[in-house]
Amino acid sequence: MQWFSSPFARFSASCTRFCCVSTRFSSMLVLTSSRVRTGVTTAEMGEKDATKNKVEKKTVEKHNRRVMFIKPRFFCITTIVIPSYNALISVTISAMQQIVLASNSERRKEMMRWFGVPFIIDPSDFDERSIPVRDFEDDPEGYCVTIAECKLLPILDRHPKDLVISADTIVVLGDTIYGKPKDLDDARAILRALRGTTHQVYCGLRMTDGETGESRTEVVRSDVTFSHFSDEALEKYIATSEPYDKAGGYALQGVAGSFVESVQGSETNVVGFPIFIVRDMLESLGVPIHVNLEESVFAKTGFTS
589 MQWFSSPFAR
599 FSASCTRFCC
609 VSTRFSSMLV
619 LTSSRVRTGV
629 TTAEMGEKDA
639 TKNKVEKKTV
649 EKHNRRVMFI
659 KPRFFCITTI
669 VIPSYNALIS
679 VTISAMQQIV
689 LASNSERRKE
699 MMRWFGVPFI
709 IDPSDFDERS
719 IPVRDFEDDP
729 EGYCVTIAEC
739 KLLPILDRHP
749 KDLVISADTI
759 VVLGDTIYGK
769 PKDLDDARAI
779 LRALRGTTHQ
789 VYCGLRMTDG
799 ETGESRTEVV
809 RSDVTFSHFS
819 DEALEKYIAT
829 SEPYDKAGGY
839 ALQGVAGSFV
849 ESVQGSETNV
859 VGFPIFIVRD
869 MLESLGVPIH
879 VNLEESVFAK
889 TGFTS
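Position 175, counted from 1, in the sequence shown is what my numbering calls 763; the numbers after and before it change by one each time, with no gaps.
As structure tokens, this is what we get:
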């Protein structure tokens, strides 16, 4: 098949204007000039005579010629039908590969938006409790990567040609792995255990490009030191809704941020999404990130890592 050297096909000057609007392809495509190269032939769309008053019209023998473009990454399927004299030219643009976030976390959704790239959300319903924590007491990195992988696989089945991102965050103190508190009593017990300690926050990240089969896996660790906050402060905190959807029962960017004395390592990792590592993973899989992420993250959060 003959491919174009330019992403814009060349059409007849008689095609004075058209505009393609697609719900999944927001760019406007303007196609000009006099010839279009198809897979096998050149369709004579009409040639303008030297004089403006004389236009020789040529009949296009086939009314539905298919024009193929070089397939770009992250472009949608859309078909454009363009009239030219008595012919209809059908232009098909190759399918866009979507980025899929396999998470329902509000923090991860918000932070994904900071990249400035389109993505969709398809949360995984994998039950983390189906993986026994006791099997990973000496391997917290292996545990959070395993959970991230188990979250990703069913979403990749639903989006086999897309790029899927999953993540899992855990808090570790000694040999104990803490996930999300089950209830108020569990939140109280976890936070009492963490009070006055330096503990670890791990985030396991998994990305798979379903089209190429390439995958990326990272585990990011941060060390967090808690103050000796009072029982009164603890009770006020667990009376809010904040602890119950967060590993370890707290969020650095939330009310419990006042419990934190210091963070060694990535601050955004403690939030649940180490954004600069995620950026590097995306770029390694061919997703261009054009925003100044360091400036953007600092302006939004005050975090530098």
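Every residue gets a Cβ at the ideal spot worked out from N, C-alpha and C, and that includes glycine.
Contact check between the stretch 702–709 and the stretch 867–882: three or more CB pairs, one atom from each, fall below 8 Å, which counts as touching.
Leu793 counts as buried, since no fewer than 16 other beta carbons sit within 10 angstroms of its beta carbon. Residue pairing from DSSP places Tyr790 in a beta bridge opposite Ile758, Arg809. Of all alpha-carbon atoms in Ile743, Lys834, Ile753, Arg783, the one lying nearest the alpha-carbon of Val866 is that of Ile753. By the CB criterion at 8 Å, Glu855 and Leu870 fall outside the cutoff.
Its chain contains Glu716, Ile758, Ala835 as the residues whose beta carbon lies nearer than 7 Å to that of Gly767, once the 5 sequence neighbours on both sides are disregarded; these appear in chain order. Around Pro748, the same chain offers Gly798 as residues with beta carbons nearer than 6 Å, after the five sequence neighbours per side are excluded.
Per DSSP, Thr764 is one residue of the beta strand (DSSP E) stretching across 764–766. Val812 and Glu737 have their C-alpha atoms roughly 25 Å apart. Counting of Cβ neighbours within 10 angstroms places Phe714 among the buried residues, the total reaching 16 or more. Each of Arg776, Lys739, Leu779 was checked against the Cα of Leu689, and the nearest Cα belongs to Lys739. The beta carbon of Ser893 sits closer than 6 Å to those of Ser854, Glu855, all from its chain and outside the five residues before and after it, given in chain order.
One alpha carbon belongs to Tyr838, the other to Ile709, and they sit about 24 Å apart.
Look at Glu799 here: in three-state DSSP terms it is coil, with no helix or strand label. Val843 and Val808 have their C-alpha atoms spaced approximately 23 Å apart. In this structure, Phe814 sits near Arg783, with a CB-CB distance shorter than 8 Å.
Around Gly845, the same chain offers no residue with a beta carbon nearer than 6 Å, after the five sequence neighbours per side are excluded. Under DSSP, Ile708 shares a beta bridge with Val688.
Counting only residues of its own chain and dropping the five nearest sequence neighbours on each side, Gly730 has a CB closer than 8 Å to the CB of Phe724. For Val760, the closest alpha carbon among the candidates Asn880, Glu694, Glu806, Val721 is that of Val721. Per DSSP, the unbroken beta strand (DSSP E) holding Ser850 starts and ends at 848–852. Taking Pro742 as the centre and dropping the five residues before and after it, the same chain places the C-beta of Ser712, Phe714 closer than 7 Å to its C-beta, in chain order. Residue pairing by DSSP places Ile753 opposite Leu689, Met795 in a beta bridge. Secondary structure of Phe891 (DSSP, three-state): coil. By the criterion of a C-beta distance shorter than 8 Å, Val879 is surrounded in its chain by Trp702, Phe703, Gly704, once the five residues flanking it on both sides are discounted. Looking at the DSSP output, Arg783 sits in no beta bridge, so it has no partner there.
Within the same chain, and ignoring the five residues on either side of Asp763 in sequence, the residues whose Cβ sits closer than 6 Å to its Cβ are Glu725. Judged by DSSP secondary structure, Phe864 falls within the alpha helix (DSSP H) whose first and last residues are 863–872. In this structure, the CA atom of Lys824 is about 22 Å from the CA atom of Thr786.
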